[in-house]
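Student: Handing you a structure now.
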Amino acid sequence: MTFLLAAALTLVPTQDAGAFKPRPATVEFGLWADGVPGAPAAISPEIVKDRPEGGDAHVSNVHVPTLTVHLPEPGKRIGCAVIICPGGGYGLLAIDKEGHDIARWFAGQGIVGAVLKYRMPRPKGHVYGHEAPLADCRKAFELVRTHAEK
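In this note's numbering, the protein residues as written are 604 to 753.
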């Protein structure tokens with residue numbers, strides 16, 4: 604029996620206890636509870652191109668904007684929040700490198716990181732004008748302020 608226990612323990616990989624850091628909790632909110640303003644009746648699906656090795660996941664064709672909130676550990680919270688609007692030239696969103704990766708870093712510093720997935724007016728012929736991402740951003744600020752005490 605002792606031999607079996609010793610053999611089993613040699614197969615278990617060891618890890619430095621300080622090396623493991625759990626990911627912060629995330630919560631996703633839809634921005635528009637009463638329906639997205641200006642959204643067409645029939646919408647095409649969102650397009651997500653997965654993150655290649657060392658690259659970034661891109662999101663395009665966003666019709667349902669969301670705010671993904673990365674929360675710090677309860678004991679580390681300092682009472683601040685940052686809304687992150689990933690770039691991509693209004694045609695796509697670099698959602699990982701310019702969004703979730705940054706939000707997780709802020710959460711590690713005790714700051715709530717909130718990633719806004721917003722509607723984009725490009726490519727040409729898209730249904731949304733330049734006011735759509737601004738409206739989504741204003742709504743994100745409203746949501747963050749409304750839930751600031753939580």
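Glycine included, C-beta positions come from ideal geometry on N, C-alpha and C.
1) Touching or not, the stretch 709-725 and the stretch 659-674, by the rule of three or more beta carbon pairs under 8 Å?
2) Please name the residue, chosen from Gln-712, Ala-738 and Ala-706, that lies closest to Lys-631 on a Cα-to-Cα basis.
3) Distance, Cα to Cα, Gln-712 vs Pro-675?
4) Apart from the five residues just before and just after Ile-694, which ones in its own chain have a Cβ nearer than 8 Å to its Cβ?
5) Are there 16 or more other CB atoms within 10 angstroms of the CB of Ala-645, so buried, or fewer, so exposed?
6) Quick check on the DSSP output: the alpha helix (DSSP H) that includes Ile-705 runs from which residue to which?
7) Per the contact definition of three or more C-beta pairs closer than 8 Å, is the stretch 681-691 in contact with the stretch 734-751?
8) Under the rule that 16 or more other beta-carbon atoms within 10 Å means buried, what is Asp-637, buried or exposed?
Tutor: In this structure, then:
1) yes
2) As a first step, residue 631 is located in the sequence shown; it is residue number 28 there, counting from the start. The question names Lys, yet the displayed sequence has Glu at residue 631. Taking only the C-alpha atoms, the option nearest Glu-631 is Ala-706.
3) For the purposes of this step, residue 712 is taken as the residue at position 109 of the sequence shown. For the purposes of this step, residue 675 is taken as the residue at position 72 of the sequence shown. Looking at the two C-alpha atoms, the distance is approximately 7 Å.
4) Counting from one through the sequence shown, the residue named residue 694 turns up at place 91. For the record, residue 694 in the displayed sequence is Gly; it is not Ile. Around Gly-694: Ser-663, Met-723, Arg-725 and Pro-726.
5) The residue you call residue 645 lines up with position 42 of the sequence shown. Classification for Ala-645: exposed.
6) As a working mapping, residue 705 is identified with position 102 in the sequence shown. Start and end: 704-711.
7) yes
8) Taking the sequence shown and counting its residues from 1, the one referred to as residue 637 is at position 34. Exposed, since its Cβ has fewer than 16 Cβ neighbours within 10 Å.
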